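Working notes, structure below.
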Amino acid sequence: MKRIYLDHSATTHVDARVLDVMLPYFSEKFGNASSLHSFGLEAAEALSSSREQIAAALGAEPQEIIFTSGGTESDNMAIKGAAYMCSSRGRHIITSIIEHPAVLRTCEQLEREGFEVTYVPVDNEGILNMQLLEDSIREDTILISIMHANNEIGTIQPIKEISELIEGRRIVLHTDAVQSVGKIRVDVNELGVHMLSISSHKLHGPKGVGALYLRSGVNILPLVQGGGHERGLRPGTENIPGIVGFAKAMTIVREQLEEDSRHMQHLRDSMICNIRSRIPYARLNGHEEKRLPNNVNMSFRHVEGESLLMLLDMKGVAVSTGSACSSKSQKASHVLTAIDPGVDYIHGSLRFTLGRENTMEEIDIAVDHLEEAVMKLRQMSPFEEE
Amino acid sequence: MKRIYLDHSATTHVDARVLDVMLPYFSEKFGNASSLHSFGLEAAEALSSSREQIAAALGAEPQEIIFTSGGTESDNMAIKGAAYMCSSRGRHIITSIIEHPAVLRTCEQLEREGFEVTYVPVDNEGILNMQLLEDSIREDTILISIMHANNEIGTIQPIKEISELIEGRRIVLHTDAVQSVGKIRVDVNELGVHMLSISSHKLHGPKGVGALYLRSGVNILPLVQGGGHERGLRPGTENIPGIVGFAKAMTIVREQLEEDSRHMQHLRDSMICNIRSRIPYARLNGHEEKRLPNNVNMSFRHVEGESLLMLLDMKGVAVSTGSACSSKSQKASHVLTAIDPGVDYIHGSLRFTLGRENTMEEIDIAVDHLEEAVMKLRQMSPFEEE
Amino acid sequence: MYSRRLLEEFTNPQNVGVIEDADGVGQLGNPADGDVITIYIKVKDDVLVDVKFKTFGCAAAIATSSMVTQMAKGRTIEEARLITKEEVAEALGGLPSGKMDCSNFAPDTLRMAIEDYQKKQKT
Amino acid sequence: MYSRRLLEEFTNPQNVGVIEDADGVGQLGNPADGDVITIYIKVKDDVLVDVKFKTFGCAAAIATSSMVTQMAKGRTIEEARLITKEEVAEALGGLPSGKMDCSNFAPDTLRMAIEDYQKKQKT
Ligand SMILES: Cc1ncc(COP(=O)(O)O)c(C=O)c1O
Ligand SMILES: Cc1ncc(COP(=O)(O)O)c(C=O)c1O
Ligand code: FES
Ligand code: FES
């Protein structure tokens, strides 16, 4: 059975070109970048050119890139690092209710440590309420962390507007761009952010590596102590093959973003259109236009997401759902709950996240299987008329 | 020029067998272990069997293994995680003065946060002073962190004795086994430790992955918040290829440790013997017997380590020195300073750390080059008679 | 996660449907929680001659519904009410640990249908 | 890290040695700090006709010692004392940023040797 992968927001395969550049760094150019000998120099050079490539792809300077183990660590480092650094000036933080757990759980931890956090709501399409954000800014607000694009429903938040809003104030602006990089243009200066989190495995790079963009002049405290790596901000022997792969993945993004973005958006729009025309009572979650070009999140009335996911998986189609079914009752995700598609729809959401290598043929096959699966489950549903 | 790598304590090349098992996980079995579909299941299975392999190699249970990004993170997590967890019971921590910076800087950070830390000294051979350790235990001591083997001079510390000493007390015992795993037998129950740090890249596994062994029943607080990965103790999408490679590297260690250890020890002893017989005024740093089978750390009178390292590097021999020459004056490492080989020797140390693939021929060539280099530098040295 | 056997049951569930002139009906769960099972029974001489279900829920909910209806059919009312979650789970080749709770769900609904039938008998 | 030019100088240093009947000697650094440079000069008609060094220190210390002796030889005392660390660094194809301090070391020692010579002249 040919498998069709439509879960690129969960993770992506490593691009063949990325793996190619990584390979020499495992067993040949395997040095520790801190070593003074030739093996070390090879590693140090790879590290520094990787840093340049990633900076270039974000419109940043090389010294503004700090390597981490992934998006979760970048988010933790940005939020806690800035909070601890600025805690003498104030202890109020603003974020949104639809952030990734890496941000939400971190903010909750800071609440336990005595910080105050305002969680700004979103509208029914998942867009941040800018008025409420503005109203929640206080004298002692030190940090705003708002995701660039949501991982579940793909809505794109008005980061540039936020940065303009806080201009001239001593507030650090962080954005979690884990889902946006590789799908839409991300330039740290256009966005006007001070910190930005990225994760390599979401953009056809290897797992276990990520970065935090930290604008020159913005200071944060490190969360990890050790050797002096990454200017002392993130010690530990650098994962050179991972970093080299990450850099290549970013370079590919930089080179072909426009084309890839257009391709994915074309697939996305025709997928949404086909689903709507073939499956009754299907609702798009999130915003029609302000959404990632690769995100299709739809709810199907009277069917349950995990079942739908399993039926599609049996046909080789890999998707995700916002209804993680864990214990006695299905918990709808906090993001779906925030945009509230209604009781008939909230447990029936599926997330299809496209990749640059998906084809129209794959999308068509997926929609065929989807239609069949929805019909099948509706036949079993006690809420559907016979 | 054939290069000879004698810096295996800095990092190692990835074993060909390790890279082999990793490869499918980059671009084929690339799923996210949290995904419910078949791609996710492949990843979840790889994760769980890797965990079993690593546990088996340490005599631990699978659920006692927590994956991290490396040794530095494992050390931070163990020490801070236990300190924060137990802080209501006491705030006193004991460690040694020759720990790795990942432990020392972490302890210093905890001091800034109000913990008290006792740094126990070592004797001239680098062995922990057990009497002083015992004397420093107090009512409010919550944690002892002593490295299993030192990264510079290779001395092996009496961890088992420490665990016997504190038996029955409510003190958590952590050991940094980053340098010992793969060189000597490491079994968590024989050692009697509650926590143990490992780093994959020191044992022919990939960089960017490590683990913390956390004994069942011992609780620590997580340093990173996010999704529920690693029982909530270390969230973030798991680095599956890295973890699979790490597990394979540990399995190889388990299978061939005895043989490798004997081989390295044989090379080590003949290297020390040759150096002593051919180069006058060469001093072994560390303990003659209680040392890692792959560590040769020697000081050469009246020559400076970094120069020696550079001369050897020009001949293709990669080694390390405890005299990191950074700014105006050479700083001898804290480990050498602790064992104090004397002013004529302290700046002239070289660390040769052998790997299981080194050959006697390589060692012989290295000693030839070493002899030549020492002589050459001594000719330039103002302390040597013409 | 799910056993092969459970997935088979889930993809090819038996006894899906409604019994229009059912002798007893049970329903558990609610749409806001994301799971609802409805079980219909037809009884003749204390024996369950027909059992059907409609389920909105996860793969485990659907598979256990299907399995419980099959196990119940042909049994007496007394036998059927004794069907345990363990039996159902075992027949499905085991349930993932997080789903064990959910396996109680279908046998409970069956018991409700039986009670409904018995209540109707009395009146 | 180090430039190719510096490494060449370091591996093939010129003017290593002691001038037994030197006209001036300078020494800077101390063994506890891990670096000591000694420079010997021989002067004739205000010109440095011979310059030699002995250095205990890092590759940069040795390379700059060697370079400064070469640059000094044949120059007048006045010219030689004006040799700057920048000149030395440039002649070596640059120094790593952490080592710039250390490049002052050799020219300073040369200046000490010159002062020693001048002091001896006066007496
Ligand atoms: C928006 C967002 N932030 C953070 C993360 C965490 O990234 P990682 O899994 O690489 O730690 C993810 C992905 O899981 C994400 O989608
Ligand atoms: C004893 C010891 N502990 C900790 C570390 C840190 O490990 P890593 O570089 O993988 O973070 C090292 C190696 O650098 C080490 O030798
Ligand atoms: S229906 Fe509740 S967990 Fe499956
Ligand atoms: S001799 Fe001082 S840094 Fe080189």
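Chains as they are written, first to last, in our numbering: chain W, 1 to 386; chain E, 387 to 772; chain Y, 773 to 895; chain H, 896 to 1018. No residue lacks a Cβ here, since even glycine has one placed at the ideal position from N, Cα and C. As the structure is a computational prediction, the values presented were derived from the model and not from experiment.
Cut-off 6 Å between Cβ atoms - residues of its own chain near residue 568(E), not counting five sequence neighbours on either side
589 and 639
Determine, for residue 373(W), whether the minimum Cβ-Cβ distance to residues of chain E falls below 9 Å.
So, not an interface residue.
Please list the partners that residue 626(E) has in chain W, where partner means a Cβ-to-Cβ separation under 7 Å.
207
Residues of chain E with CB under 9 Å from residue 285(W), in chain order?
Within chain E, no residue comes near residue 285(W); the closest Cβ sits about 19 Å away, beyond 9 Å.
Under 9 Å between C-beta atoms, does residue 1(W) make it to chain Y?
no
What residues of chain H sit near residue 632(E), judged by a beta carbon separation below 8 Å?
None at all; the shortest Cβ gap to chain H is about 30 Å.
Between residue 346(W) and chain Y, is the shortest Cβ-Cβ distance under 9 Å, so that the two count as touching?
Chain Y contact via Cβ: present.
DSSP state of residue 7(W), grouped into three classes?
strand
Pull up the distance between the alpha-carbon of residue 922(H) and that of residue 235(W), whole angstroms please.
39 Å
Based on DSSP bridge pairs, tell me the residues matched to residue 937(H).
Answer by DSSP bridge pairing, in chain order: 945(H).
Buried or exposed for residue 924(H), going by 16 or more other Cβ atoms inside 10 Å?
buried
What does the alpha-carbon distance come out to for the pair residue 574(E) and residue 19(W)?
36 Å
Could you name the residues of the same chain whose beta carbon sits closer than 7 Å to that of residue 322(W), not counting the 5 residues immediately before and after it, in chain order?
152, 305, 332, 333, 335, 336, 349 and 351
Chain-order list of residues whose beta-carbon lies under 6 Å from that of residue 577(E) (same chain, five-residue window excluded):
545 and 546
Quick one: is the Cβ of residue 202(W) within less than 8 Å of any heavy atom of ligand 6?
Although ligand 6 was asked about, the structure shown includes only ligand 1, ligand 2, ligand 3 and ligand 4 as ligands.
Under 9 Å, Cβ to Cβ, is there at least one residue of chain H near residue 718(E)?
yes
By Cβ distance below 7 Å, which residues in the same chain neighbour residue 387(W) in space, the five residues on each side in sequence not counted?
For residue 387(W) there is no data in the structure shown, the boundaries of chain W being 1 and 386.
Does residue 879(Y) have its Cβ less than 9 Å from a Cβ in chain W?
no
Taking the alpha carbon of residue 287(W) as the reference point, which residue from 343(W), 67(W), 199(W) and 154(W) has its own alpha carbon closest?
154(W)
Any heavy atom of ligand 2 within a distance shorter than 8 Å of the CB on residue 533(E)?
Residue 533(E): yes, Cβ under 8 Å from ligand 2.
Residue 688(E): contacting residues in chain H (beta-carbon distance under 8 Å)
951, listed in chain order.
As an exercise, report each continuous alpha helix (DSSP H) stretch of at least 4 residues that is fully enclosed by the stretch 544-577 of chain E, in chain order.
Here the runs fully enclosed are 545-551 and 574-577.
Heavy atom of ligand 1 within 8 Å of residue 172(W) beta-carbon
No, the Cβ of residue 172(W) stays beyond 8 Å of every heavy atom of ligand 1.
Name, going along the chain, the residues of the stretch 421-444 of chain E whose beta-carbon falls closer than 7 Å to a beta-carbon of chain W.
421, 422, 423, 424 and 425
Residue 777(Y) to residue 552(E), Cα distance in whole Å?
51 Å
Residue 692(E) touches chain H at which residues, Cβ-Cβ below 7 Å?
953 and 954
Which bits of chain W does residue 652(E) rub up against, with CB to CB less than 8 Å?
Per Cβ cutoff of 8 Å: no residues; residue 652(E) is ~24 Å from chain W at best.
Thinking residue 91(W) and residue 59(W) are a contact (beta carbons under 8 Å), I'd like their distance in whole angstroms, please.
Wrong, their Cβ atoms sit about 32 Å apart, outside the cutoff.
How many angstroms separate the CA atom of residue 775(E) from the CA atom of residue 370(W)?
The structure shown does not extend to residue 775(E), since chain E spans only 387 to 772, so no value can be given for it.
Cβ-based neighbour list, residue 715(E), same chain, cut-off 7 Å, excluding 5 preceding and 5 following
For residue 715(E), the pLDDT reaches just 49, beneath the cut-off of 50, and the residue's location in the model is therefore unreliable, although a value from the coordinates is still provided. Closer than 7 Å at Cβ, skipping near neighbours: no residue.
From residue 492(E) to residue 39(W), what distance separates their C-alpha atoms?
29 Å
Would you mind sorting residue 327(W) into buried or exposed? The rule is 16 or more other CB atoms within 10 Å of its CB.
Unreliable positioning characterises residue 327(W) in this predicted model, as indicated by a pLDDT of 42, which lies under 50. The coordinate reading is nonetheless provided below. When all chains shown are included, residue 327(W) counts as exposed.
Does chain W have any CB closer than 9 Å to the CB of residue 533(E)?
no
Can you tell me which of 434(E), 613(E), 751(E) and 654(E) puts its alpha carbon nearest to the alpha carbon of residue 773(Y)?
434(E)
Cut-off 6 Å between Cβ atoms - residues of its own chain near residue 749(E), not counting five sequence neighbours on either side
Cβ neighbours of residue 749(E) beyond the five flanking positions: 653 and 657.
Minimum Cβ-Cβ distance from residue 724(E) to chain W less than 9 Å
no
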